[in-house]
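Each remark here refers to the structure printed beneath this line.
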Amino acid sequence: MSAALKLEVFQNGELLREIALDGEEISVGRGQNCAVRLDDRAISRKHAIFRPTAEGIEFEKQSRFGNIKVNGKDSDNTTLKVGDRMIMGSFELRVKQDGNFSKPIPLPPAPSTPVIQMPDIEMITKTTPVFTEVEVKPLIMDTPIQNGFEGTEGIEALEFETPTDSPIPSDITTEISANTDSFDFGKADQGGATRAFTKPESELKAVLEFSDGAANLSIFELTEKEIAIGRSQKCHVVLEDKRSSRKHSVIQRQQDKYFLKDLGSANGTLLNGLRIEEQELQSGDVIQIGDTQFVFKMVQADYEQKKDHFIPVQHLVGHEVEAGLPPSMSMSMDAGMPYQGPYDALPPPPPQPAPIFEAEKAPSKSFIGKLIDRYRAMNTKQQIIYGVVILAAVWYLTDEEEVDTKAKLNVGQSQPKVAQVKKGEKKPGSGQSFDNLTPEQQRYIETEYQLGFDLFKNREYDNALLEIGKIFSLVQDYKNAREIEAFAREGKRKLEAQEEERKKKEQERQAQLKLQSLLEQVGMLMDKKRFKEAEVLFPEIELIQPENAAVSEWRKQMVAENEKIEKEAIAKKESIEVNRLAWADYLKTLDWVKAQKYWDALDRFDEILTRPIRDNKLVKTVKDETKRVEGLIAAERDPLLIEAKALEQAGKLSEAYRAYQKAYNIDSTNTESPQGMKRIRGTLSARARSIYAEGVFAESYSDLETAEKRYTEVMDVVPNDDDYYLKAEKRLRRLTIF
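Each residue of the sequence shown is one higher than the one before, starting from 68 at the first, in the working numbering.
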């Protein structure tokens, strides 16, 4: 060979051993006497031998059982070259040139983490106020109302004219529902270093974001109709998580939607903390497989091109978010209420959820269009504030009849609504004023006002509305009667809503108690494997909680248990048949033993023991017979070895060599025979070389008779595969011809 070769032995991808071939024949098998011992029941005691040759490594199969694959194909005898691979049972043998070492193939480096792309939008500026200031007439009060109770958004700013100093109830608030039908808010993403409005869905792309080290990449874009996730290297996303399955789950694209599907994994797939079988994905969903969490997102395709133009959060000035507000409409964010102090004492605003950033310059728009664009660019809190201000201004400007005293509105607060009268219809008490009433009527109105106000403070809203309503039968309004009426209606609505919420929560609590009791009862039945009784209670649980995870798991457990029982029955039937065939093969093998086919019998016994036999008696019988046959082989081999050693010590090397060779033919796994032959062969070869030289010398002097004797002696001294045996045979044949 031009260069020395070696064999590398692998099991389960792990390098176990390296064997250098230095010109000797080596045996491979499960036997104790093999040069390379492979402990696998699928491999015979002497499975194969390897001989180094000039072309490579000659391989020869020695066993009748057990396939050997060379480069994926079955083979019994071939010449192996560098790079060839051989499979024996669970072992893999690779041919390498001495000096080459198998190294683990490194994983490709994870791609650099891409930045999610955001769309370009119009720049939001602060140069022009979004809304104009609305002048509101102040409400004149005799006595200021006391505060100091919860939920006073709608009342704190009002100063009722009241004959007493009693406080207004604390839970009365005014809820403003801004009409946004005239505005198209669009889609907004406010969750990062920027805030932007999304483009059409056709420009979106779906990605999976992973933390460092969780997978073979940090961001994966979903470009195929189906991608696989798991531990297998064949998956699109390879997880470094031992609790995940080889192929754990898939994400499938159906038109513009994405669905996450679990593939029956042992630990399941969680979506936002809940175990699922198959579920549609939404942007921002958190997926958990094993201990690994990652996020599904829909992002803009041109984010990478625009992200360099974004303004960082720290560059924004806190006042800029309210640049469009006049001083009288500033908001106190800490209190959650309109700020009523001077503009110079305005408290600092809290950090905004997203910075405003500059994009490409848009075409000039009308004034109304600019206002709408700026309204869309605000965060949710600002939109509510400005919406309330606009609605309040519209209400004041469109009111049919001017009222002398109206409450001054702050940002975040609305004027209570009053009953509307159709155009041309006369309102109750219209045309009458308090001053035009008789003294008796005036005292009546003052009494009803005081009574209604007292009832309002005591949260007797129905009675308060009744008493206040009597005032409007005589006059259109008196002091703050309209405001008290509006807040009484709102208070009544809130109390009714609170009672409804209380009843709803009580029903939910009772349902949860019943659900917990049912779950505990079914759990005990399942532990005792009383499946039929447990299954009867499943509908009651699903009536309270239709998609209960425990019921789903219990159903799977019942199916698995039934499948287990069926498999055990099938396995028992198959085991009986396996045992029957094994006994039949064992009895046939005994005939081989009688015919002294010992090695064939041993290979058959080994093959029987690899079968899934459950008959312990048969296993013991086969093992005992194996030991007996090995004893028979030793009985024939050992006397020949003793004789060969004696002849070797007596100097009768030719006879000793032949005795070693007979012992080797009986048991080729024994190492003493090949070692003895190798030891004697060198001595005999040296002796034959000397005799051969004498024959050549005699032949050169034409002493053909002497030459013939020397050549014959050479052939008697060395084995018939020795070089000098072949040379002597060739010269002797030539002398015979002449």
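Cβ coordinates follow ideal geometry from the N, Cα and C atoms, glycine included.
All values reported here derive from a predicted model rather than from experimental measurement.
| Asked | Found |
| --- | --- |
| Closest to K596 by C-alpha separation, out of A627, Q583, E644, I608, would be which residue? | A627 |
| Over what stretch of residues does the beta strand (DSSP E) that includes F501 continue unbroken? | It is not in any beta strand (DSSP E) - F501 carries neither H nor E in the DSSP assignment. |
| Buried or exposed for V784, please, with buried defined as at least 16 other CB atoms from any protein chain shown within 10 angstroms of its CB. | buried |
| By Cβ distance, which residues of its chain are closer than 8 Å to S548, with the 5 residues on each side in sequence left out? | Checking the displayed sequence, the identity of residue 548 turns out to be Ala instead of Ser. Y516, G519, I535, I538, F539. |
| Pull up the distance between the alpha-carbon of D358 and that of Q319, whole angstroms please. | 22 Å |
| Please classify Y768: does DSSP put it in a helix, a strand, or coil? | coil |
| Could you tell me the boundaries of the alpha helix (DSSP H) in which R108 lies? | Taken as a continuous stretch (DSSP letters only), R108 belongs to no alpha helix (DSSP H), as it is neither H nor E. |
| Quick check on the DSSP output: the alpha helix (DSSP H) that includes I680 runs from which residue to which? | That residue, I680, is in no alpha helix (DSSP H); it is neither H nor E in DSSP. |
| Go ahead and pull the three-state DSSP assignment for K113. | coil |
| Exposed or buried, which one is R131 when buried takes at least 16 other CB atoms within 10 Å? | exposed |
| Distance, Cα to Cα, I747 vs L708? | 14 Å |
| Which residue's Cα is closest to the Cα of E715: A616, K745, T736, K694? | K745 |
| Under the DSSP definition of a beta bridge, which residues are partnered with F326? | Q319, E347 |
| By DSSP, does G357 sit in helix, in strand, or in coil? | coil |
| Taking all protein chains shown into account, decide if V353 is buried (16 or more other Cβ within 10 angstroms of its Cβ) or exposed. | exposed |
| With a Cβ-Cβ cutoff of 7 Å, do N334 and R313 count as a contact? | no |
| Flag this pair as yes or no: are the beta carbons of Y325 and L306 separated by less than 7 Å? | no |
| Here's a check: name, in chain order, each residue in its chain whose Cβ is nearer than 8 Å to the Cβ of D789, leaving out the five neighbours to either side. | R748, L751, S752, A755 |
| In angstroms with no decimal places, state the Cα-to-Cα distance between K292 and F277. | 20 Å |
| Pick helix, strand or coil for Q449, following the three-state DSSP scheme. | helix |
| Take E780 as the anchor and find which of V317, R798, L74, G297 has the nearest alpha-carbon. | R798 |
| Enumerate in chain order the residues of its own chain whose CB-to-CB distance from A578 is below 8 Å, with the five nearest sequence positions on each side excluded. | I611 |
| From which residue to which residue does the beta strand (DSSP E) around V95 run? | 93-96 |
| So if DSSP puts G297 in a beta bridge, which residue, or which two residues, is it bridged to? | V305 |
| Quick check: what's the CA-CA separation for N446 versus L458? | 18 Å |
| Return yes when the Cβ of F523 is within less than 7 Å of the Cβ of A555, no when it is not. | yes |
| Output the boundary residues of the alpha helix (DSSP H) element that contains R161. | Element bounds for R161: not the alpha helix (DSSP H) but the beta strand (DSSP E), 158-164. |
| Starting from N144, trace the beta strand (DSSP E) both ways and give me its first and last residue. | 144-147 |
| Taking the alpha carbon of K546 as the reference point, which residue from E557, Q574, S500, R569 has its own alpha carbon closest? | S500 |
| Does DSSP put T336 in a helix, a strand or coil? | strand |
| Using a Cβ-Cβ cutoff of less than 6 Å, which residues in the same chain neighbour T231 once the five nearest sequence positions on both sides are dropped? | Reliability of the predicted coordinates at T231 is poor, the pLDDT of 42 falling under 50, and no value is obtained from them. |
| Does the Cβ of K113 have 16 or more other Cβ atoms within 10 Å, making it buried, or fewer, making it exposed? | buried |
| Kindly indicate which three-state DSSP category V455 falls into: helix, strand or coil? | helix |
| By Cβ distance below 6 Å, which residues in the same chain neighbour S269 in space, the five residues on each side in sequence not counted? | Note that S269 scores a pLDDT of 45, beneath 50, so its modelled location is shaky; the value from the coordinates is reported in the next line. Around S269: no qualifying Cβ. |
| By the DSSP assignment, the alpha helix (DSSP H) with K794 in it spans what residues? | 790-804 |
| Please report the straight-line C-alpha distance between E92 and V274, rounded to a whole angstrom. | 59 Å |
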